[in-house]
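**Student:** In our numbering, the protein residues as written are 2 to 941. Ideal placement from N, C-alpha and C gives every residue a C-beta, glycine not left out. One structure, as structure tokens, below. Some questions next.
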RNA sequence: AGGCGCGUAGCUCAGUGGGAGAGCGCUACCUUGACACGGUAGAGGUCAGGGGUUCGAAACCCCUCGUGCCUACCA
């Protein structure tokens with residue numbers, strides 16, 4: 002005898018079943034499964050992260066797909082893992098250290114990294130735990146970390162190969178720099194924000210004192226590094242001045258007035274200061290005009306010696322104030338205006354970005370991007386919804402080379418060594434590369450001299466990266482020596498044998514390693530069984546905010562190194578916002594914690610809600626009320642199960658198909674509705690329409706199975722004796738329950754498992770049963786059922802609207818239009834009575850309305866409920882008039898349509914037929930109601 | 001500045017050319033032998049506004065208003 006607990010209590014069942022699944026290895030791929038491999042790699046959450054709504058939605062969708070495919074018989078693998086998240090993690094640990102009063106510099110690189118690993122060991126598993134809480138069926142035995150040994154090997158391999166092909170190079174140019182994180186950032190890692198600032202108009206005197214030119218700038222402090230002023234060549238105001246020299250205020254330097262078409266004559270004064278070392282536009286202009294670059298801001302955001310003695314060492318914001326004050330004093334500040342413009346901020350710490358001239362490593366991106374675009378154009382990878390395709394193309398077309406070096410410690414250290422001693426130009430390369438850097442004494446502008454030494458020593462002496470590079474000699478490496486001792490750490494310079502070699506201190510952008518995720522997690526560079534089986538992966542599930550950061554780069558790397566796209570489909574889901582539609586963020590304090598939701602409502606209800614919210618192409622506003630509603634749904638399922646179990650004694654477990662002839666209409670109907678739902682759910686999941694899939698199973702279970710079928714079966718089930726009929730109905734109940742549980746399992750894994758084990762198979766999991774597919778429909782039964790539903794609805798409607806007390810015994814007379822409908826109703830007389838709480842019902846084609854009866858006109862029948870004396874005639878008249886009004890409105894609409902010759906000529910036949918039939922029905926109905934109304938009126 | 005999206009019931013949202021739907025909320029009635037986390041019956045909408053295409057538009061096109069996001073080197 003099966004027994005489930007009286008009350009549905011998610012807490013009690015969820016952890017228990019998860020442990021069972023994991024211990025039994027149900028999450029591992031079954032290589033013997035009949036259908037094709039199905040693989041998903043999880044977007045690796047940051048180790049620093051804790052589960053937020055976005056992760057929850059993301060994981061739920063992947064788990065639904067994974068469980069569904071597993072049940073359908075695919076070889077399913079879902080690989081989990083985490084990302085080392087370079088800057089983010091380093092910042093977290095640095096903050097921890099600063100509480101102890103230690104800086105990472107004081108600790109030293111090695112000790113610091115060790116400290117991060119310790120931190121990771123302690124807190125890094127948190128998010129994995131949380132993923133388990135929501136039921137994610139990942140194969141944890143294959144869990145990866147972007148900084149683990151295997152992935153590090155993949156990273157190094159990719160770096161070296163790209164380097165050998167000339168696709169990785171080093172260059173000295175402007176880069177987005179975060180003075181707080183003290184590192185370079187890629188274009189993507191800069192977030193632009195509209196900021197209210199000021200536009201300053203500054204007078205630059207002509208060197209011959211014959212006048213002046215006024216420039217407009219938002220960043221007066223950078224003027225100290227100006228090397229020209231530019232105007233548009235067409236600008237008539239400046240024709241006479243082009244080519245003349247100006248005297249740069251506060252410095253006395255002479256700079257030229259140049260003409261460049263990039264200057265917008267309409268903006269400001271039409272004259273723009275040019276600072277090639279601190280502005281991307283100016284850098285380009287500087288290159289065109291061969292202007293020198295003067296760096297006046299250093300890597301920590303302070304002014305350099307180049308800025309002049311007065312400003313040296315000042316913070317850039319202090320320097321701005323000082324420059325403004327000084328200009329005012331000189332009478333050169335003409336005007337200040339309010340001005341809003343976009344200012345770049347570091348995506349990790351919100352500090353204002355500083356464009357700085359530094360040497361960095363870059364990936365040449367153009368050819369890689371072209372292939373990635375082609376792959377989508379040719380449909381080798383589909384992006385769903387496809388509205389994202391254009392964004393993808395646009396971004397790929399405008400893409401700049403990818404800056405991959407970061408001046409932090411936590412990450413994949415760049416596999417490049419430098420030899421300060423080696424004089425042999427052919428020197429080097431290690432798993433890599435060695436470049437000779439500054440072996441000559443370097444004279445600096447401030448008068449100091451640096452006597453060579455290693456790169457690290459110079460950094461320690463207080464020199465900036467850029468300074469060192471600028472003053473050093475970089476030697477190009479001949480191609481033939483590029484690939485050398487690839488995978489080992491380099492100890493000795495292969496060129497000169499020196500052991501005094503230094504590794505490049507920079508690490509790679511976090512996204513460099515995650516770009517390899519779809520194949521590195523499967524074992525690449527080794528051609529493992531997993532890699533052979535599961536690459537390309539089936540679908541990548543992600544939010545749009547990392548489409549460029551991650552998806553685009555995976556596309557490029559996958560195509561480059563595997564020769565095929567990394568995934569067949571990319572499903573882009575919504576961002577979860579709060580109830581007001583705002584992005585959830587800690588600073589706004591509007592974050593909804595998924596774990597609290599799980600505590601309150603259970604993981605099943607939570608998952609189901611997320612699925613039901615996940616309409617394509619639209620953001621989700623999270624609503625706790627709806628979540629509550631879906632918990633009620635699971636509770637409903639639970640209670641329905643209790644009801645069904647009570648009849649277990651009559652369950653013969655015979656198959657329901659094969660004896661359709663003996664089945665009653667309702668049973669055939671529910672089987673047919675089930676078949677319809679199964680088809681819909683499968684189709685919707687196939688198309689990533691999770692909300693539609695969730696809604697259709699919800700509607701079926703609640704409003705068809707529970708509301709109708711369960712109620713209908715009661716009239717048979719409550720009979721004392723055991724009959725064949727009773728057995729059939731019970732078998733049908735159990736069958737539909739079983740299929741419903743399976744249908745629901747990908748959405749609601751825990752409760753379905755609990756119920757399944759209790760009823761159908763205590764020894765085996767529902768996880769590995771077959772997903773319902775292609776059941777037979779019984780269209781005729783569905784049509785016949787309409788008659789029964791109409792009769793019930795008609796009687797209920799009268800009861801409800803006339804407010805007839807349920808305790809009042811009533812009877813009903815049903816005049817049917819055809820014998821067939823009469824037969825159907827007669828067969829289900831007991832049901833009809835029970836559902837309408839009617840004592841007695843007469844059915845026939847010749848039934849007459851008795852005086853004092855309320856009337857309901859339904860398709861195929863008229864229903865009379867005699868309530869002599871009790872009939873509130875006015876209420877009944879009102880009710881019927883309301884119905885008449887509705888009918889008249891519809892008739893008016895149809896009339897217009899059917900009298901329109903264009904409609905008759907052009908509309909498709911089916912539409913025409915349908916409308917005609919509808920019209921006839923309405924006319925008939927109208928006639929009947931009119932008749933009744935006139936009768937009622939004669940009474941009053 | 002460009003690009004993308006959204007505006008449908010009180011709220012949150014489905015609905016990609018044939019008479020407006022769901023969940024929650026609301027109203028009335030009901031402790032009927034699974035479930036009050038329930039049942040039954042209801043109320044509630046010029047589908048933002050204007051123009052166009054069409055026999056027919058919430059849906060397709062154009063414009064306006066409102067709103068959200070993405071991209072960008074506007075000094």
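Exposed or buried, residue 139, counting other C-beta atoms within 10 Å across all chains shown (16 or more means buried)?
**Tutor:** On the first chain, residue 139 is found 138 positions in, with the first residue counted as 1. With 16 or more Cβ atoms within 10 Å of its Cβ, residue 139 is classed as buried.
**Student:** How many Å lie between residue 730 and residue 757 at the Cα?
**Tutor:** Start at 1 with the first residue of the first chain, and residue 730 comes out as number 729. Start at 1 with the first residue of the first chain, and residue 757 comes out as number 756. Approximately 19 Å, taken between the alpha carbons.
**Student:** Provide the residue(s) that pair with residue 334 in DSSP beta bridges, ordered along the chain.
**Tutor:** Within the first chain, numbered from 1, the residue matching residue 334 stands at position 333. Residue 334 is bridged to 203.
**Student:** So for residue 925, helix, strand or coil by DSSP?
**Tutor:** Position 924 of the first chain holds residue 925. If DSSP states are grouped into helix, strand and coil, residue 925 belongs with the helices.
**Student:** When the distance is taken between beta carbons, is residue 509 closer than 8 Å to residue 412?
**Tutor:** Here residue 412 refers to the residue found at position 411 when the first chain is read from its first residue. Here residue 509 refers to the residue found at position 508 when the first chain is read from its first residue. Yes, Cβ-Cβ distance for residue 412 and residue 509 is below 8 Å.
**Student:** Any idea what DSSP makes of residue 273, helix, strand or coil?
**Tutor:** Translated into positions along the first chain, residue 273 becomes position 272. Strand.
**Student:** Can you have a look at residue 105 and say buried or exposed, based on whether 16 or more other CB atoms are within 10 angstroms of its CB?
**Tutor:** As a working mapping, residue 105 is identified with position 104 in the first chain. By the neighbour-count rule (16 or more Cβ atoms within 10 Å), residue 105 is buried.
**Student:** DSSP three-state call for residue 90: helix, strand or coil?
**Tutor:** Along the first chain, read from residue 1 onward, the residue named residue 90 stands at position 89. Of the three classes helix, strand and coil, the one that applies to residue 90 here is helix, per DSSP.
**Student:** Looking at C-alpha atoms only, which residue of 767, 36, 659 is the closest neighbour of residue 27?
**Tutor:** Within the first chain, residue 27 is the residue found at index 26, counting from 1. The candidate whose alpha carbon is nearest that of residue 27 is 767.
**Student:** Check residue 414 in the structure and name its three-state DSSP category.
**Tutor:** Against the first chain, residue 414 aligns to sequence position 413. Residue 414: strand per DSSP, three-state reduction.
**Student:** Classify residue 884 as buried or exposed, calling it buried when 16 or more other Cβ atoms lie within 10 Å of its own Cβ.
**Tutor:** Here the question's residue 884 lines up with position 883 in the first chain. Buried is the call here.
**Student:** Indicate whether the contact test is met: 3 or more Cβ pairs, each with one atom in the stretch 650–658 and one in the stretch 727–741, closer than 8 Å.
**Tutor:** The answer is yes - the stretch 727–741 touches the stretch 650–658, with three or more Cβ pairs under 8 Å.
**Student:** Report the rounded CA-to-CA distance for residue 358 versus residue 176, giving the unit in angstroms.
**Tutor:** Stepping through the first chain from its first residue, residue 358 is reached at position 357. Stepping through the first chain from its first residue, residue 176 is reached at position 175. Distance between the alpha carbons of residue 358 and residue 176 is about 6 Å.
**Student:** Would you call the CB atoms of residue 886 and residue 62 closer than 8 Å?
**Tutor:** On the first chain, residue 886 is found 885 positions in, with the first residue counted as 1. On the first chain, residue 62 is found 61 positions in, with the first residue counted as 1. The answer is no: Cβ separation not under 8 Å.
**Student:** Distance check for residue 814 and residue 866, CA to CA, integer angstroms please.
**Tutor:** Taking the first chain and counting its residues from 1, one reaches residue 866 at position 865. Taking the first chain and counting its residues from 1, one reaches residue 814 at position 813. Each residue's alpha carbon lies about 6 Å from the other.
**Student:** Excluding the 5 residues flanking residue 543 on each side, which residues of the same chain have their C-beta closer than 8 Å to its C-beta?
**Tutor:** Taking the first chain and counting its residues from 1, the one referred to as residue 543 is at position 542. Same-chain partners within the cutoff: 44, 59, 551, 552, 571, 572, 573, 574.
**Student:** Could you pull the start and end residues of the alpha helix (DSSP H) that residue 634 belongs to?
**Tutor:** Stepping through the first chain from its first residue, residue 634 is reached at position 633. Its alpha helix (DSSP H) spans residues 625–646.
**Student:** Going straight from the alpha carbon of residue 408 to that of residue 188, what length do you get?
**Tutor:** Reading the first chain from its first residue, position 407 is the one you call residue 408. Reading the first chain from its first residue, position 187 is the one you call residue 188. So the alpha carbons of these two residues sit roughly 16 Å apart.
**Student:** Just to confirm the assignment: which complete alpha helix (DSSP H) runs, minimum length 4, are found wholly within the stretch 651–718?
**Tutor:** Listed in chain order, the complete alpha helix (DSSP H) runs (minimum 4 residues) inside the stretch 651–718 are 666–687, 691–700, 712–718.
**Student:** CB-CB under 7 Å to residue 632, same chain, minus the five flanking residues each way: which ones, in chain order?
**Tutor:** Here residue 632 is taken as the residue at index 631 of the first chain, counted from 1. For residue 632, where only same-chain residues beyond five positions count, the Cβ hits under 7 Å are 602, 603, 606.
**Student:** The beta strand (DSSP E) with residue 885 in it runs from where to where?
**Tutor:** Sequence index remark: in the first chain, residue 885 carries index 884 (1-based). Here residue 885 belongs to no beta strand (DSSP E); instead the alpha helix (DSSP H) covers 874–900.
**Student:** How would you write the range of the beta strand (DSSP E) that residue 179 sits in, first residue to last?
**Tutor:** Position 178 of the first chain holds residue 179. Looking at the DSSP string, the run of the beta strand (DSSP E) that includes residue 179 is 169–179.
**Student:** Distance, Cα to Cα, residue 1 vs residue 749?
**Tutor:** The chain is shown from 2 up to 941; residue 1 falls before or after that span and cannot be answered.
**Student:** Residue 180 and residue 305 - do their beta-carbons sit closer together than 8 Å?
**Tutor:** For the purposes of this step, residue 305 is taken as residue 304 along the first chain, with counting starting at 1. For the purposes of this step, residue 180 is taken as residue 179 along the first chain, with counting starting at 1. Against a cut-off of 8 Å, the Cβ pair of residue 180 and residue 305 comes out as no contact.
**Student:** Alpha carbon to alpha carbon, how far is residue 321 from residue 327?
**Tutor:** In the first chain, counting from the first residue as 1, residue 321 sits at position 320. In the first chain, counting from the first residue as 1, residue 327 sits at position 326. If you take the alpha carbons of residue 321 and residue 327, they lie about 10 Å apart.
**Student:** Please state if the CB of residue 505 and the CB of residue 360 are separated by a distance shorter than 8 Å.
**Tutor:** Looking up residue 360 in the first chain gives position 359. Looking up residue 505 in the first chain gives position 504. Their beta carbons are not under 8 Å apart, which means residue 360 does not touch residue 505 by this criterion.
**Student:** Which one or two residues does DSSP pair with residue 863 in a beta bridge?
**Tutor:** What you label residue 863 is simply residue 862 of the first chain in a count that begins at 1. The partner list for residue 863 (beta bridge, DSSP) reads 816, 858.
**Student:** According to the Cβ coordinates, are residue 226 and residue 279 closer than 8 Å?
**Tutor:** Translated into positions along the first chain, residue 226 becomes position 225. Translated into positions along the first chain, residue 279 becomes position 278. Yes, the pair counts as a contact, with Cβ atoms nearer than the cut-off.
**Student:** Considering only DSSP beta bridges, list what residue 727 is partnered with.
**Tutor:** What you label residue 727 is simply residue 726 of the first chain in a count that begins at 1. Answer is none; residue 727 lacks a bridge partner.
**Student:** Does residue 11 come out as helix, strand or coil in the three-state DSSP assignment?
**Tutor:** Here the question's residue 11 lines up with position 10 in the first chain. In the structure shown, residue 11 sits in a helix (DSSP, three-state: H, G or I).
**Student:** Checking 8 Å against the spacing of the C-beta atoms, do residue 737 and residue 727 come in under that value?
**Tutor:** By 1-based counting over the first chain, the position of residue 737 is 736. By 1-based counting over the first chain, the position of residue 727 is 726. Against a cut-off of 8 Å, the Cβ pair of residue 727 and residue 737 comes out as no contact.
**Student:** Quick check: the Cα distance between residue 367 and residue 115, rounded to an integer number of angstroms?
**Tutor:** For the purposes of this step, residue 367 is taken as residue 366 along the first chain, with counting starting at 1. For the purposes of this step, residue 115 is taken as residue 114 along the first chain, with counting starting at 1. Each residue's Cα considered, the two are about 37 Å apart.
**Student:** Could you tell me the distance, in whole angstroms, from the CA atom of residue 398 to the CA atom of residue 915?
**Tutor:** Within the first chain, residue 398 is the residue found at index 397, counting from 1. Within the first chain, residue 915 is the residue found at index 914, counting from 1. The alpha-carbon atoms of residue 398 and residue 915 are separated by roughly 52 Å.
**Student:** Quick one: measure Cβ to Cβ for residue 402 and residue 364, integer angstroms, because I've assumed they're closer than 8 Å.
**Tutor:** Numbered from its first residue, the first chain carries residue 402 at position 401. Numbered from its first residue, the first chain carries residue 364 at position 363. So it is a contact: roughly 6 Å between Cβ atoms.
**Student:** Please list, in chain order, all residues of the same chain as residue 752 whose beta carbon is under 6 Å from its beta carbon, the five residues on each side excluded.
**Tutor:** Stepping through the first chain from its first residue, residue 752 is reached at position 751. Cβ within range, chain order: 605, 635.
**Student:** Excluding the five sequence neighbours on either side, which residues of its own chain have a C-beta within less than 6 Å of the C-beta of residue 935, listed in chain order?
**Tutor:** Looking up residue 935 in the first chain gives position 934. Closer than 6 Å at the Cβ level, and outside the excluded window around residue 935, lies no residue.
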